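Trainee: Before I ask anything, here is the structure I am working with.
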Amino acid sequence: MKIIQRNHTTIAFMTISGAALYQFAIRQGSSAFTSCKNPSRKIFASPGARIMFAPLKASLEEGEDELDYISPMRQRPRPKGGDVAYTNENILRQQSTYYSIRSAGGADCVVDIYARDPSTSGSKTRFWFVGKVARCTGTVSEEAAVVRQYNLIEEHACRIRPVELGRSFGKLELYVAPGDTERDTNRDDPTIRLRKFPRNVDGAETVPLLEVGVNLEIVTNQGVGFHIVRTEDGVVPPDMIGQ
4 MKIIQRNHTT
14 IAFMTISGAA
24 LYQFAIRQGS
34 SAFTSCKNPS
44 RKIFASPGAR
54 IMFAPLKASL
64 EEGEDELDYI
74 SPMRQRPRPK
84 GGDVAYTNEN
94 ILRQQSTYYS
104 IRSAGGADCV
114 VDIYARDPST
124 SGSKTRFWFV
134 GKVARCTGTV
144 SEEAAVVRQY
154 NLIEEHACRI
164 RPVELGRSFG
174 KLELYVAPGD
184 TERDTNRDDP
194 TIRLRKFPRN
204 VDGAETVPLL
214 EVGVNLEIVT
224 NQGVGFHIVR
234 TEDGVVPPDM
244 IGQ
C-alpha cells in the first residue's frame, strides 16, 4: 500500500484486489468500510474518519509527492528492478500478458510457482504457492520466463508471506510445477515433482515482456495461503504417499 497527501486528505492505494486496483480516501467521518469487491475484507480507519472507495488511476498526477506510509515526511525512492520493479503498473501489465498468452496456449504454456520456506528442511520442507508464469513456448524457455520476472515474483512472495519468506528477499529459491496442478500437489500426487529454477539464465534479460506474463497469488486477511510439504528435492515424502 502507498499513501500520498493531497489537500490535507490522506489517500491510501491498495495494491491488488482481483484484477483491479483501488484507492480509498480517508476524510473526517465514519470508521470502517467493507469493499464491494470482497465483502469479507474490511478496511479500518481511525475513529471519526470517512472512507471513500474508487478505482485507482494508472499513475499519480504530475507534481504529486509519493510519501513513505511509515514516515510521511520522507519521500520513498522508486522501487528497484527496472521494467520488472514491483509497481502497480508492472504487475498489471504482466498479469494482462499472462492472460493473453494463456488464452492462446492453454495450460501447456504455464508453470506454477512455489517459494521454498528457508526455515524448513529435510522431508518437511515447506513450499508456498506464489503464482503462475506463462510464456510463448516457441521463443522462450520456462527458465527464461521465470528469471525474466524473478524480481516481481520474489518480492510478491515476500510480501504475502512476510513471516516465513520476508527476510529472504534477494536469496529466495523458486521452484516450479506443471501448470494448473495445484489440486494434484495438494493431494500429494507423487508424479508431480517440484523443480528448482536458477536466479540467472543467459539471455533472460533480453526476453521481451510481451512474450512472458505472471499471475501473482492473492491472499486476503481471511486466507491462510496455500503451501505443500516436500523433500528438499521437491518430491513427496514417502510417509505422505497414499494418505
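First residue of the sequence shown: 4, per the numbering used here; consecutive thereafter. Don't be surprised by glycine CBs; every beta carbon is placed ideally from N, CA and C. Only a predicted model underlies this, so the values are computations on that prediction, with no experimental measurement involved.
1) Nearest to residue 164 by CA position, among 124, 183, 219, is which residue?
2) Should residue 154 be labelled buried (16 or more other beta-carbon atoms within 10 Å of its own) or exposed?
3) What whole-angstrom Cβ distance do residue 212 and residue 100 have, given they're in contact under 8 Å?
4) Going by beta carbon distance, what residues of the same chain come within less than 8 Å of residue 86, once the five residues before and after it are set aside?
5) Hey, is the stretch 157-171 in contact with the stretch 129-146, meaning 3+ C-beta pairs nearer than 8 Å?
6) State the start and end residues of the unbroken alpha helix (DSSP H) segment that holds residue 154.
7) Would you please state the rounded distance, in angstroms, between the beta carbons of residue 197 and residue 180? I believe it to be under 8 Å.
8) Taking the beta carbon of residue 195 as the centre, do at least 16 other beta carbons fall within 10 Å, making it buried, or is it exposed?
9) Put residue 332 into one of helix, strand or coil per three-state DSSP.
10) Within its chain, find whatever has a CB closer than 6 Å to the CB of residue 1; leave out the 5 residues flanking it on each side and keep chain order.
11) Please determine, among 126, 147, 210, 187, the residue with the shortest C-alpha to C-alpha distance to residue 229.
12) Please classify residue 128 as buried or exposed, where buried requires at least 16 other C-beta atoms within 10 Å of its C-beta.
13) Could you give the uninterrupted runs of the beta strand (DSSP E) lying entirely in the stretch 217-244, keeping only those of 3 residues or more?
14) Can you have a look at residue 227 and say buried or exposed, based on whether 16 or more other CB atoms are within 10 angstroms of its CB?
15) Could you give the distance in angstroms between the alpha-carbon of residue 204 and the alpha-carbon of residue 138?
Mentor: The structure says:
1) 219
2) buried
3) 7 Å
4) 93, 212
5) The stretch 157-171, when compared against the stretch 129-146, does touch it at the 8 Å Cβ threshold.
6) Taken as a continuous stretch (DSSP letters only), the alpha helix (DSSP H) holding residue 154 covers 153-163.
7) 5 Å
8) buried
9) Because the chain here runs from 4 to 246, residue 332 falls outside it and cannot be looked at.
10) Look at the range of the chain in this structure, 4 to 246, and you will see that residue 1 is not part of it.
11) Comparing Cα-Cα distances from residue 229 to each of 126, 147, 210, 187, the minimum goes to 187.
12) Under this definition residue 128 is a buried residue.
13) 230-233
14) exposed
15) 15 Å
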